[in-house]
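See structure below.
There are 2 protein chains.
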Amino acid sequence: MASESEAQRALQYEQTLMYGRYTQDLGSFAKDEAARLRLQEGDTPRPRRPSELLEYTQGRCAPCRVCALQCQRFLISKVGEDWVFLILLGLVMALVSWAMDFAIATCLQAQKWMYGGLDTNVLLQYMAWVTYPTVLITFSAGFTQILAPQAVGSGIPEMKTILRGVVLKEYLTLKTFVAKVIGLTCALGSGMPLGKEGPFVHIASMCAALLSRFLSLFGGFYENEARNIEMLAAACAVGVGCCFAAPIGGVLFSIEVTSTFFAVRNYWRGFFAATFSAFIFRVLAVWNKDEETITALFKTRFRLDFPFDLQELPAFAVIGIASGFGGALFVYLNRKIVQFMRRQKTINRFLMKKRLLFPALVTLIISTLTFPPGFGQFMAGQLTQKDTLVTLFDNQTWAKQGISDEFEYLGILEAWHHPRSNVFITLVVFILMKFWMSALATTIPVPCGAFMPVFVIGAAFGRLVGESMAAWFPDGIHTDSNIYRIVPGGYAVVGAAALSGAVTHTVSTAVIVFELTGQISHILPVMIAVILANAVAQSLQPSLYDSIIRIKKLPYLPELGWGHHEKYNVRVEDIMVRDIHYVTLNCKYRDLQQVLHSTKMKNLPLVESAESMILLGSIERTQVGALLSSQLSPQRRLLTLRQKVLSEDGHRLSDSSIRFQISTETSSGSPARPALRKPLKPALKRVPSSPPDSPPVGSADHSGIALKSLFCANAATEPTEAQGTAYHKAKRVRISIVEEMILGDKMTPAEILEWEEQQLDQVADFSSAKIDPAPFQLVEHTSLHKTHTIFSLLGLDHAFVTSIGRLVGMVTLKELRKAIEGSLTGKGVKVRPPLASFRDSTASTTEADTTALHQLWDRHQHHHMPREAGPGGDDDDDTPKGQ
Amino acid sequence: MASESEAQRALQYEQTLMYGRYTQDLGSFAKDEAARLRLQEGDTPRPRRPSELLEYTQGRCAPCRVCALQCQRFLISKVGEDWVFLILLGLVMALVSWAMDFAIATCLQAQKWMYGGLDTNVLLQYMAWVTYPTVLITFSAGFTQILAPQAVGSGIPEMKTILRGVVLKEYLTLKTFVAKVIGLTCALGSGMPLGKEGPFVHIASMCAALLSRFLSLFGGFYENEARNIEMLAAACAVGVGCCFAAPIGGVLFSIEVTSTFFAVRNYWRGFFAATFSAFIFRVLAVWNKDEETITALFKTRFRLDFPFDLQELPAFAVIGIASGFGGALFVYLNRKIVQFMRRQKTINRFLMKKRLLFPALVTLIISTLTFPPGFGQFMAGQLTQKDTLVTLFDNQTWAKQGISDEFEYLGILEAWHHPRSNVFITLVVFILMKFWMSALATTIPVPCGAFMPVFVIGAAFGRLVGESMAAWFPDGIHTDSNIYRIVPGGYAVVGAAALSGAVTHTVSTAVIVFELTGQISHILPVMIAVILANAVAQSLQPSLYDSIIRIKKLPYLPELGWGHHEKYNVRVEDIMVRDIHYVTLNCKYRDLQQVLHSTKMKNLPLVESAESMILLGSIERTQVGALLSSQLSPQRRLLTLRQKVLSEDGHRLSDSSIRFQISTETSSGSPARPALRKPLKPALKRVPSSPPDSPPVGSADHSGIALKSLFCANAATEPTEAQGTAYHKAKRVRISIVEEMILGDKMTPAEILEWEEQQLDQVADFSSAKIDPAPFQLVEHTSLHKTHTIFSLLGLDHAFVTSIGRLVGMVTLKELRKAIEGSLTGKGVKVRPPLASFRDSTASTTEADTTALHQLWDRHQHHHMPREAGPGGDDDDDTPKGQ
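Just so you know, the protein sequences line up as chains A and P, in that order. Going by the UniProt record's numbering, the first residue of the first sequence is number 1, and it counts up by one from there. Going by the UniProt record's numbering, the first residue of the second sequence is number 1, and it counts up by one from there.
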């Protein structure tokens, strides 16, 4: 027992340690519960809104009230406008961003101050240098772990999943918001190579979700889910925008990173909110006297007249290609570290016990290596991330003609200078060390992103190439009269954009770089390098975010790769599930029960009949469960019993009044008696399961045995708890009511069972069930490419495959994912003639369809022509097949 | 007769004069024709590809051939890669853009040279100044008119329509390409206020279409329509990218202008191609020694350290808001001019006769007004568009302390200087004159865009505000020790972005501006102004492109406006057409005929039966026509006749061999005898129409009367030519074969009619028809918002509305457009509770559905229960309704 729970905890730890927890089960449970409640209170009137009530009740000071109401309504309508929401969001996020930056800067200064104050004793200095970040990171990890484990990691993968339409409710709560903001501040304040960009996307989204929940107190506008999703997309842009003061880059980056299909009508929302947010963010800096006016965050001052020579372009291309490989390596390394930590059972068992040991250990190693008087002197260890970037984008050339001594390192630039080595060695060491440090640090279970560390590494790599070029061509490449020296800072900009683009698989890092540096003069080199880096990285590895999605097994649809032509030639019929369970319109309740037991699908197709297979709609699993339980409900049993008694005894009460009484009882039955239901739970759990449909063992104690046998008869055949929740729950409700009513009920368990068997043989009545009348349908010949498009466009998780109205199969996200990842079809797929466009699908009808249609047609001929042979209605089931 | 054709020509002129002609009829005709041919040649084998043939036939030097084939295949597979295509596209477009720029610059220089050389005589000077552009514009208009009227105008509206999925084949032909390139060069070479950006989008798209058609000679990759659409989207980006050397802005602008939903997976394509294209475009300039290295097109040199003060932001906001109003006014003015020209019948009749008079007249007026020694001296008339922009973005302040004389105007700046007026007056006159001139000039039927003229006007307006600010605050606003003067050039940049953003309803003009000027320092002012301008303009007028789409009545879906909440509360049931014509599975041919006559829908729904209304699929109108004509075909008649004869006479030939003979005859019948069919056409046209189903008037001449009566009986009841083409065509083919066969046929016309009536009473056989087995379905409760999303996402033009499999209505683009434009529902629409998300559509099932389902269920009960009452199959049609 103890070991079991420990193992469970271990599993939980493993999952939460790395990236937080994905609890879709909880979400689906809540949904089921809501569906059940909705079903139950179907006939109770909807509670009125307060404003409606006002109009009705208080007639005394009516004019005054009406005026106040109108004012209120005007305000509400204003609050409901998109731009008010976006401005509020931008404002809040700018304040959060600025406050966090301020806190982080204070933290970093405190470390510097401690380190500087203790310069008499190296050991003390080392202790201070190492302890400070360790404490901060440990606190951050612990705080996040306790408050909201969902706050761990970047958050972009989760936002991508949410924007695709999957509900991950717990990722957008206030708790997670608080945990993420505080955790991120501490994590970044420690000086580890971590970024704030990914978490900011998540924070902005949470902010938008909370804000819309808050504003929905004023009006119903924010209850619209489609609108909220649109606002979330805008929030992602705000996140990047106010993090880097890069509104355009923010919008583009967030689109690239989170969307598959982007609605252009949402474009302005992102721009508007991100611009406002970036504006406020920079204005705060001006008001705080940090800056004189609004300028870029990492302003560069490259010369404008001749930014680079055409002959330097090969060097930029080399940076791009190398960055592509480097980015792929980073993603690979990051994933391997996570997988290694998960697989190593010894380490895991040890870390499991002391959850905060892993973060502390990693921080210790990294901060030890960057200790400035130690190894840190070879890798500019004393510089913060921001300072590093400022120095790397510096306008001057550090290495003139290969001799580093010629150049005087001033201010913070001194960190790159080492008396016993030259700047090339420092840069190489910096790149190599930071590379694995960043890959390792981003696996720490604290809120953190990888964009900024990668950006810095890229800048350093670019600088290295730039310095080499400057050393190689001391007077520039240009052969004309004017001497234009090479600007290594430009190379750093190119490198930063290329590497971060390669890791995230985006091209908008180019725009971010322009906005960060405030200069666009290097646009062509940056674009060339970013595109080359993307081309290389995308063909080697998934993006960092997709990699995390796979590690966390989030329900996401992978992208179709670059120009994979064979995807156009795989069709739905190659990947669909043909053997699906369905509900027919004329089925018996017994069939419903069987379907529920034999499949785990959440949505069951409803067909006209087993032989025609015409798809009429889809019905949720919970609805089928509810139908079944209401058919077998004790109320109905009592009703039939009483009716029988009544018809025999005469009429004590009118028939209709009884029905009314009982039906109201049903609607409020289960929520009103929680005390009665609860103690039953453990008692029921302990009952050992017996084979299904076993007859009850005698009838010693009426209530007890009836309950037990009822439960046993169904418990074994039921699917797992999660899948059968609604059905199970309905059963439990039923049992509880049985117990209550059984006192007045004179039926023996055997009789009850007999009655239930009778009931199960009745034809199902779907009139009370909620049916989706137009589930999404595909045709067998739809290409994988188009299926992928439709699934991502509409955020589907399943679609039925039909052929002239007949259900022939089903495709879910799972099949699609498998097909895209190649495990189902592989490379050697048969090549079909390319498909026509969406609107030309008519042309793709083949012989199979025609035959099917023919059969259908034949059947109808038989139906509507005067029949010669069989007079019954049953034989027409076989005729089409016989022909 | 003469007046009729003249009126026709007038109509044609009216349509082609303004923006080229939209001939969807032709496209649909071609499609119908193709469908018919496909139907006919269904059983003939597909011709083999050359490579396939190679493998089969030439077995002699097999190894050598195989090797060559493999090489060829490798090359083809490389050619099939996306990046090869994109590079080729970028290269070609860069060359086209550069060559055109070169030609335009030469043209403009020639004008300047003429004007400069004739400075002794003002009249001669005037003649040269005016004649030159008039000749060029007239040539351009005439050339375009003759070669391809589709090349007229911007081309962005058409690209938007094509990317939405509507096939406008004639807009992407080689003819149009040539007409557009040459026409545009001449138009821009005239110095009129016209732009090249819109046409370049079109040119790039045509280039992509032609390139993919060319490359499809090497392999089948380019036959995929979905892929070609993706490439067209990339091509639009290339168009803007190589026009302004602005790859990022090009991608964003093309997305905003052409797409409703953008597939992020296409993003890199646009970036890649546009970057490559912009790179080559600028490299060509370097090689041509125009530039020393790759820099921006309109490079600015604003100071980097303090680009603007925070307190200048209100001025930028004013520019934005004023630009918003200005942009809306421009769109309004442009539309009004077009509408005025169309409505004025006197003008129209005059212009109609001399098609080139209107362009010549407009050019004459505009060039007269810009004549430098005349009125042009007050509006910098001697500057070309490029020079104007360069001077407006100039770094210096023209008006110091209100007195313009203080500043020395050097070089081309001199044009802005006038001894008797100050720079403010010049700027105001320039803005006012250029405003209406641009609005007028863009209605000339030549290939031209409006982006660049608007951009220039915006820059002038910004400059005006900037100069005013500089005059108001001579030492800058900043109160600290440093004096930072105001930079009017920065205001010009902001104004240019804001006005062009307002006219096109895009925010990416901001990015274009950065890339054009090579400076991003004014990012916040530009963004603020662009967003404000968009907010104002979007609430007043549609974008220029949408306005043109409406004028040309292109089949396009308008956008949902900014935050129109009521759109969320309109549902499909409010807008759908309930009274639709359908085809049932068990209908007779007579019903098909009736449906064809009573509706104009292109796609007919196929339902199971009239009482169940279960939607099985949709069938194209042409298919129904083909079914009908094949049922009534003379071959069938002959066959039955011969069979009768055969069964009576004995067996001269085996039955199957006859059928074979006749079926081959059918498949190749019509294309093989064009000589026989053609002379019939005019003869048929002249026959006056008579009431439908009228009996033939005697039988004097067999062939003649039979033909005439056949034709008359159907001509009147047929819908218009365009809609009934296929049916009509089939009839004609039939008639021609009748004529041929009638000699061997012994049936009288009366017998034929009787036989046809007999045939029409038969039950239709859909086994040979092509049916779309999964037409798009909506539910009644789908919101307008979601319907709009789905229509734009999937490029639909119609969708059936179903309720649990039953067809209840239909929504087409037309209804949707009406609903969005408010003519159907208006503002006072009833407010429903906001909708749940897409996946929660289950919850929206209401009582109506339930009742319907109940009925269906009831019916099935009757079907499958053993029947007591009526034994026939016909009575169950009525039972559900009776209950």
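Note that CB positions come from ideal geometry on N, CA and C, so glycine has one too.
Asked                                                                                                                                                                          : Found
Quick check on tyrosine 267(P) - is its C-beta less than 8 Å from some C-beta in chain A?                                                                                      : yes
At a CB-CB cut-off below 7 Å, which residues of chain P make contact with serine 521(A)?                                                                                       : Gly518
Helix, strand or coil: how does DSSP classify leucine 796(P) here?                                                                                                             : coil
Do you know how far the Cα of proline 775(A) is from the Cα of phenylalanine 838(P)?                                                                                           : The predicted model places phenylalanine 838(P) with a pLDDT of 29, which falls under 50 and marks its position as unreliable, so this point remains unresolved.
By alpha-carbon positions, which one of Leu194(P), Met114(P) and Val428(P) ends up nearest to proline 447(P)?                                                                  : Leu194(P)
Residues in the segment 233-264 of chain A with C-beta within 8 Å of chain P's C-beta atoms, listed in sequence order?                                                         : Pro247, Ile248, Leu252, Ile255, Glu256, Ser259, Thr260, Phe261, Phe262, Ala263 and Val264
State the Cα-Cα distance for the pair proline 488(P) and glycine 466(P), rounded to the nearest angstrom.                                                                      : 4 Å
Where proline 247(A) and alanine 529(A) are concerned, what is the direct C-alpha to C-alpha distance, given to the nearest angstrom?                                          : 22 Å
Given that a residue counts as buried once 16 or more other Cβ atoms are within 10 Å of its Cβ, and exposed if not, what is asparagine 266(P)?                                 : buried
Got a sec: does the ligand ADP put a non-hydrogen atom nearer than 7 Å to the Cβ of threonine 258(P)?                                                                          : You won't find the ligand ADP in this model; it holds no ligand whatsoever.
Between lysine 786(A) and chain P, is any beta-carbon pair separated by less than 8 Å?                                                                                         : yes
Assuming contact is defined by CB atoms lying nearer than 8 Å, are glycine 198(A) and alanine 151(A) in contact in what I supplied?                                            : no
What's the gap between the Cα of aspartate 101(P) and the Cα of serine 508(A)?                                                                                                 : 29 Å
In chain order, what residues of the same chain lie with their CB nearer than 8 Å to the CB of alanine 819(A), ignoring the 5 residues before and after it?                    : Val570, Asp574, Ile575, Leu784 and Thr825
Cysteine 207(P): buried (16+ other C-beta within 10 angstroms of its C-beta) or exposed?                                                                                       : buried
For valine 178(A), I'd like the list of residues in its chain whose CB is within less than 8 Å of its CB, leaving aside the five on either flank, ordered along the chain.     : Leu147 and Ala148
Nearest-angstrom Cα distance between leucine 413(A) and phenylalanine 378(A)?                                                                                                  : 13 Å
Count the other CB atoms, across all protein chains shown, that sit within 10 Å of the CB of arginine 73(P); report buried if there are 16 or more and exposed otherwise.      : exposed
Nearest to glutamine 631(P) by CA position, among Ser803(P), Lys336(P), Glu757(P) and Gly117(P), is which residue?                                                             : Glu757(P)
Does phenylalanine 803(A) get closer than 8 Å to chain P when you measure Cβ to Cβ?                                                                                            : Rather than phenylalanine, the amino acid found at residue 803(A) in this sequence is serine. Judged by the 8 Å Cβ criterion, serine 803(A) is in contact with chain P.
Assuming asparagine 603(P) and histidine 798(P) make a contact with CB atoms under 8 Å, what is their CB distance in whole Å?                                                  : 6 Å
Can you name, in chain order, every residue of its own chain whose Cβ lies under 6 Å from the Cβ of alanine 285(A), other than the five neighbours on each side?               : Glu291
Count the other CB atoms, across all protein chains shown, that sit within 10 Å of the CB of asparagine 482(A); report buried if there are 16 or more and exposed otherwise.   : exposed
Looking at the strands, I want to know which residues DSSP matches up with aspartate 772(P).                                                                                   : Ser618(P)
I'd like to know whether the C-beta of phenylalanine 271(P) is nearer than 8 Å to at least one C-beta of chain A.                                                              : yes
I'd like the span of the alpha helix (DSSP H) that includes alanine 315(P), first residue to last.                                                                             : 313-343
Hey, leucine 252(A) and valine 511(A): beta-carbon distance below 8 Å or not?                                                                                                  : yes
Going by CA-CA distance only, name the one from Gly490(P), Thr138(P) and Phe279(P) that's closest to lysine 354(P).                                                            : Thr138(P)
With 16 other CB atoms within 10 Å as the buried threshold, where does isoleucine 523(A) fall?                                                                                 : buried
Suppose contacts are defined by Cβ-Cβ distances below 8 Å. Is proline 555(P) in contact with valine 201(P) by that definition?                                                 : no
Just checking my contact of glycine 142(P) with leucine 356(P) at CB under 8 Å: how many whole Å lie between their CB atoms?                                                   : 5 Å
In the DSSP assignment, what are the bridge partners of glycine 449(A)?                                                                                                        : Gly195(A)
Could you tell me which of Leu638(P), Val577(P), Ala471(P) and Ala399(P) sits nearest to glutamate 751(P), measuring between CA atoms?                                         : Leu638(P)
What is the residue span of the beta strand (DSSP E) that threonine 812(A) lies within?                                                                                        : 806-812
How many Å lie between glutamate 170(A) and isoleucine 255(A) at the Cα?                                                                                                       : 23 Å
Using a Cβ distance threshold of 8 Å, determine whether the segment 485-500 of chain P contacts the segment 425-441 of chain P, with at least three qualifying pairs required. : no
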